[in-house]
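Residue numbers (this note's numbering): 912 to 1168.
Every residue, glycine too, gets a C-beta built ideally from N, C-alpha and C.
Please read these numbers as outputs of a predicted model, since none were measured by experiment.
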C-alpha cells in the first residue's frame, strides 16, 4: 500500500505521474493538483483555425424528393384518370392490351396509372395513400418506387400470360397489382402493423395479406366473368413479399454486422 506524496493518504491503487514519477491519490493525480515539476515542460500543441473559402452548392432536388414519391405517384394516377375520361384515345394507347402489347410495350407500365371507373380510382388511391406513405417512410423513396413499379410490372406479366392461357385478351388497367406489392413488402418489413380490413375490422397486416391472397387465389378461375385481374394482384403480392424480405435482410445485416 502506497501513500500520496501530497496528503499522505494510503492508496491500494495509487496513481503514478508519468511526468515527475511521484505517487498520488485520486485527488492529487493530475499534474496541476500536485504541482508537478515537469508541468511547464509538457509540450502544448495549439490548433489554429485558418479561415478558408468553401464553395457550396445547393443540392439538386427533383419532384419526388420535394413532394414525396408516393404523393407524386398519386398525382400521376389522378392526372391519368382525368385524361382517360377526357380523351377517347388515351385509354386505348395506355391500357394494357395483351394483343397490342408487343408493339406498344409502354403499356406494361402506363396501365398501372389508369383506372376504369371512379370507384376503382378512389379505392386504390385511398389504400395507396395509407400503405404507400408508410412503406416510403420505412424504406425510403427510391426503394418504395422500385417496389411499386416492379410489383405492377410483374403483376402485368402474370396477367398477359393468364390472358393467353385462357384466351381472354381483354385490356387491363389499375394500380392494384402494384398496391398488393406495397402491402406485401410492408407486411414483411413491419409485421406488427395493424390495419382495418374492409375499413372496419382491425387485424394485423400479416393476417390481412393471407386473407387477401386466399381470396384472390380462389377468385382467379372466375376472372373471365368478374372482369377483375386477380392473377395480377397475386403476381404483385408475391414480388412485394420477395423484395420486402430482401430489404429486411439488408436492415438486419446493417444492425448486426
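- When the five nearest sequence neighbours on each side are left out, the beta carbons in the same chain lying within less than 6 Å of the beta carbon of residue 1141 are those of 1127, 1130, 1131 and 1134, in order along the chain.
- Annotation for residue 1056: 980 place their beta carbon closer than 7 Å to its own, counting only its chain and skipping 5 residues before and after.
- The C-alpha of residue 1078 is placed about 10 Å away from the C-alpha of residue 1009.
- Excluding residues up to 5 positions away in sequence, 1024 lie with their Cβ nearer than 7 Å to the Cβ of residue 987 in the same chain.
- For residue 1075, same chain residues with a beta-carbon under 7 Å away, outside a window of 5 residues either side, are 1009 in chain order.
- Sorting 927, 1018, 1125 and 989 by C-alpha distance to the C-alpha of residue 1071 places 1018 at the top.
- Taken in chain order, the complete beta strand (DSSP E) segments of 3 or more residues contained in the region 1072-1154 are 1105-1108 and 1112-1115.
- Assigned with DSSP and collapsed to three states, residue 1007 falls in strand.
- For the pair residue 1042 and residue 1120, the Cα-to-Cα distance works out to about 12 Å.
- Put simply, the region 1054-1069 touches the region 1142-1157. At least three CB pairs are less than 8 Å apart.
- Distance between residue 1110 and residue 1122, taken at the CA atoms: about 14 Å.
- In this structure, the beta-carbon distance from residue 1052 to residue 1092 does not fall below 7 Å.
- Residue 1161 is not a Cβ neighbour of residue 1099, given a cutoff of 7 Å.
- DSSP, read as helix, strand or coil, puts residue 930 in coil.
- Excluding five sequence positions before and after residue 1061, the CB atoms of its chain that fall closer than 8 Å to its own CB belong to 1092, 1150 and 1154, given in chain order.
- For residue 990, there are no CB contacts under 7 Å within the same chain when 5 residues up- and downstream are skipped.
- In this structure residue 1035 touches residue 1090 by the C-beta definition: roughly 6 Å separates them, less than 8 Å.
- In this structure, the CA atom of residue 1026 is about 31 Å from the CA atom of residue 1103.
- Of all alpha-carbon atoms in 1064, 1105 and 1080, the one lying nearest the alpha-carbon of residue 1087 is that of 1064.
- DSSP places residue 1047 in the uninterrupted alpha helix (DSSP H) bounded by 1029-1050.
- Residue 1138 counts as exposed, since fewer than 16 other beta carbons sit within 10 angstroms of its beta carbon.
- According to DSSP, residue pairing for residue 914 in a beta bridge involves 921.
- If you look at residue 979, you'll find it isn't in any alpha helix (DSSP H); DSSP assigns it neither H nor E.
- By the C-beta density criterion, residue 1032 is buried, having at least 16 other C-beta atoms within 10 angstroms.
- A distance of 7 Å or more separates the beta carbons of residue 1006 and residue 1114.
- Apart from the 5 residues on each side of it in sequence, residue 995 sits with its Cβ closer than 7 Å to the Cβ of 1001, 1002 and 1025 in its chain, given in chain order.
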